[in-house]
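Be aware that the sequence shown starts at 48, since it is given in the numbering used here, and climbs by one per residue. In what follows, a structure is listed as structure tokens, so that the remarks can point back to it.
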Amino acid sequence: MFAQTVNPPEKLLPWLNHQRSLTAKLKKERGEAILSILKQEWRNCSWWDRYVLGLAINSVMHRDIIMTAQNKACWYARTIIPCDCYEKNASFFMRLKEEALGVIIFDTPEIQRDRMIHYSIDSASLEYYWLPHHLRGTGERLWVRLSKFILPQSTFFYLVEILLPELLRMKN
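Here is the structure:
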């Protein structure tokens, strides 16, 4: 599914391979990071949730955000939280009302990134259509980071980050 022969642009690698919070990196390099929550809702597992992530449950929470700096959209992210994970870690996820996910993840030692991959998408990819219309551009190739995080009680959730072209066009 994710086998690719296309390599990411060299200047994008520090963002794709960054092991800590992209939000903290953005703040450090661009002076700000502004989070806008697009939606946060419970829904039935989508085709993508089932067949790409392998989720075999009915209900998940999708939390979609845009991260901006210098009035430019830097990335879109979708957090996918299975119902059992949310229920067993409700106090953790309630913090999302006040704090950015990256802050919570990297300041909580009990949460571990299990794996992270990156791959490209374009207008033939389902993930491309998660983006709001005004961010889709002209069908150009975009790069995605997909991470799985493990929480206490053997529960997990996923974070999909679609890096947008403006991320590399901004001035320091």
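Cβ atoms here follow ideal geometry from the backbone N, Cα and C, with glycine treated the same way. Every value quoted in this text rests on a predicted model; they were computed, and no experiment measured them.
Taking a C-beta distance under 9 Å as the contact criterion, Phe204 and Ala71 do not qualify as a contact pair. Where Ile104 is concerned, there is no enclosing beta strand (DSSP E), because DSSP gives it neither an H nor an E. At a Cβ-Cβ threshold of 9 Å, Gly184 and Pro156 do not count as neighbours. Fully contained in the region 145 to 218 are the following beta strand (DSSP E) runs of length 3 or more, in chain order: 159 to 168, 189 to 198 and 202 to 210. For Lys86, DSSP records a beta bridge to Asp111. DSSP places Lys135 inside the alpha helix (DSSP H), whose first and last residues are Cys130 to Lys135. Of the residues assessed, Met114 falls on the buried side of the cut-off, its CB having 16 or more other CB atoms within 10 angstroms. For Pro61, the enclosing alpha helix (DSSP H) covers residues Leu60 to Leu63. With fewer than 16 other CB atoms across the displayed protein chains lying within 10 angstroms of its CB, Arg67 is exposed. Cβ neighbours of Leu102 within its own chain (closer than 7 Å, five residues either side excluded): Cys92, Asp96 and Pro129. Annotation: Ile84 to Phe196 spans about 20 Å, alpha carbon to alpha carbon. Rounded to whole angstroms, the separation of the alpha carbons of His180 and Asp161 is 32 Å.
Arg125 sits in a strand when the DSSP states are folded into three classes.
Taken through DSSP and simplified to helix, strand or coil, Ala80 comes out as coil. As computed with DSSP, Ala120 is found in a beta bridge with Thr115. The Cβ atoms of Leu73 and Ala120 do not sit closer than 9 Å to each other.
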